[in-house]
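Protein chains in written order, with our numbering: chain A, 1 to 132; chain B, 1001 to 1132.
2 protein chains.
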Amino acid sequence: MSVGLLIISHNDVGRAMLNATVAMLGVNPLRVALMSVTTEDEPDELRQQARELVREVDRGEGVLVLTDLYGSTPSNIANCEYAEHQVNVVAGLNMPMLLRILNYPKLGLEELTEKAVSGGTDGVMRCPGKAP
Amino acid sequence: MSVGLLIISHNDVGRAMLNATVAMLGVNPLRVALMSVTTEDEPDELRQQARELVREVDRGEGVLVLTDLYGSTPSNIANCEYAEHQVNVVAGLNMPMLLRILNYPKLGLEELTEKAVSGGTDGVMRCPGKAP
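This is the structure:
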C-alpha cells in the first residue's frame, strides 16, 4: 500500500515534470493522477474532477496533492474539500520535490508530505561556482 | 536594460512553466530563451547551444540561467563556462520562482538571482488548513 498522488497544475506543467522525472527514474512507484487547469475551465467542474481523481488514487492511505503556485486557480482547486479522504496539499511543485516523493513511495501521508516540502525547498539553490 | 533569462530544462518543463506564468501576468518583461534537453541530445552540442542563447539574451547586464534539477544533465549544461558573459545559475525551477523573477524585471543580476532563490523557496509550502 502507498499514498496516492494527484498533481494539479497550470496547463502542461505537471505532466511535463512528471514525464521527465519518471523517465529519469525509469519507474513510477506511485499511483499518480494529473489535472491540467486552463483559464477556460469552470471551477466547480474542476473541483468535481479533483474529488474524482482523489477517489481514484486513494487506496486508504490518503492522497498527496501537489500544485504549482499557491494562490492561483490550480492551488485553489487543490485546496477544496475531499469529504472522507485524507488529503494533504503542497504548493511550489518542482522536479526535486517530485523526485524526492518518488524516491520514498512507502512513506505514509504525513512523512511523504514532509519529504515533498523538504525536497522542493532543498532543490532550490544557487549553483556553486557561480558566486560573485 | 535588464538581465536576460535562459531556462534549461528536461523536455517541455521550462516551456510549460514559462507559458503558464506569462499567460497569468499578461506580459513577459524579460528577454527569455528556452532550451529543452532530451536524452538523445549530445552534451557538447547542448553546451554550444547554451552559449549561443546566452549571447542572444545578454545585453550587457548578464544572464540568469534557470534549470530544473541540480545534478541532472540540464543543470550540468547550465553550469558550463560562458566566457565573457556574466552568468548566474539557479536550480529548482518552479512557478513561484519564475513569477518572482518576472515581477522584478529591472533588478540587476545579483539581486534577481537572490529573488529567484527566495521566490522559489518561499513558494514551496504545505497549504494551510491541511495540517493534522
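From the three backbone atoms N, C-alpha and C, an ideal C-beta is built for every residue, glycine too.
With which residues is residue i paired in a DSSP beta bridge?
{"i": "ALA1078 of chain B", "result": "Paired residue(s): none; ALA1078 of chain B is not in a bridge."}
{"i": "ILE1008 of chain B", "result": "B:MET1035, B:THR1067"}
Closer than 8 angstroms by beta-carbon distance: list the chain B residues that pair up with residue i, in chain order.
{"i": "ALA149 of chain A", "result": "Because chain A spans 1 through 132 in this model, residue 149 of chain A falls outside it and cannot be assessed."}
{"i": "VAL117 of chain A", "result": "VAL1124, MET1125, ARG1126"}
{"i": "GLY120 of chain A", "result": "GLY1092, ASN1094, VAL1124"}
{"i": "MET1 of chain A", "result": "Correct list: empty, because the minimum Cβ distance to chain B is about 19 angstroms."}
Which bits of chain B does residue i rub up against, with CB to CB less than 7 angstroms?
{"i": "ASP44 of chain A", "result": "Those do not exist, as ASP44 of chain A stays about 19 angstroms from chain B at its closest Cβ, beyond 7 angstroms."}
Does DSSP classify residue i as helix, strand or coil?
{"i": "GLY1062 of chain B", "result": "coil"}
{"i": "VAL1087 of chain B", "result": "strand"}
{"i": "ARG126 of chain A", "result": "strand"}
{"i": "PRO29 of chain A", "result": "coil"}
{"i": "MET1024 of chain B", "result": "helix"}
{"i": "PRO96 of chain A", "result": "helix"}
Could you list which residues in chain A have their beta carbon closer than 9 angstroms to that of residue i, in chain order?
{"i": "MET1097 of chain B", "result": "GLY92, ASN94, VAL124"}
So which residues of chain B does residue i contact, with C-beta pairs closer than 9 angstroms?
{"i": "CYS127 of chain A", "result": "VAL1065, THR1067, TYR1070, SER1075, ALA1078, ASN1079, ASN1088, VAL1089, VAL1090, ALA1091"}
Contact check, residue i vs residue j under 8 angstroms by CB: the rounded distance?
{"i": "ALA116 of chain A", "j": "ARG100 of chain A", "result": "7 angstroms"}
{"i": "GLY1123 of chain B", "j": "ALA91 of chain A", "result": "7 angstroms"}
{"i": "LEU77 of chain A", "j": "LEU34 of chain A", "result": "As written in the sequence, residue 77 of chain A is Ile, which differs from the Leu given in the question. Actually they are not in contact, since the Cβ atoms of ILE77 of chain A and LEU34 of chain A sit about 13 angstroms apart, beyond 8 angstroms."}
{"i": "LEU1098 of chain B", "j": "TYR1104 of chain B", "result": "Wrong, their Cβ atoms sit about 11 angstroms apart, outside the cutoff."}
For a contact meaning CB atoms closer than 7 angstroms, what does residue i contact in chain A?
{"i": "ASN1011 of chain B", "result": "ALA16, ASN19, ALA20"}
{"i": "MET1035 of chain B", "result": "None at all; the shortest Cβ gap to chain A is about 14 angstroms."}
Compare the beta carbon distance of residue i and residue j with 8 angstroms and say whether it is the shorter of the two.
{"i": "LEU93 of chain A", "j": "ASN1011 of chain B", "result": "no"}
{"i": "VAL1003 of chain B", "j": "VAL1063 of chain B", "result": "yes"}
{"i": "VAL1032 of chain B", "j": "ILE1008 of chain B", "result": "no"}
{"i": "LEU1102 of chain B", "j": "LEU1025 of chain B", "result": "yes"}
{"i": "VAL13 of chain A", "j": "ALA1016 of chain B", "result": "yes"}
{"i": "LEU69 of chain A", "j": "LEU5 of chain A", "result": "no"}
{"i": "VAL89 of chain A", "j": "CYS1127 of chain B", "result": "yes"}
{"i": "HIS85 of chain A", "j": "ARG55 of chain A", "result": "yes"}
{"i": "GLU61 of chain A", "j": "MET1 of chain A", "result": "yes"}
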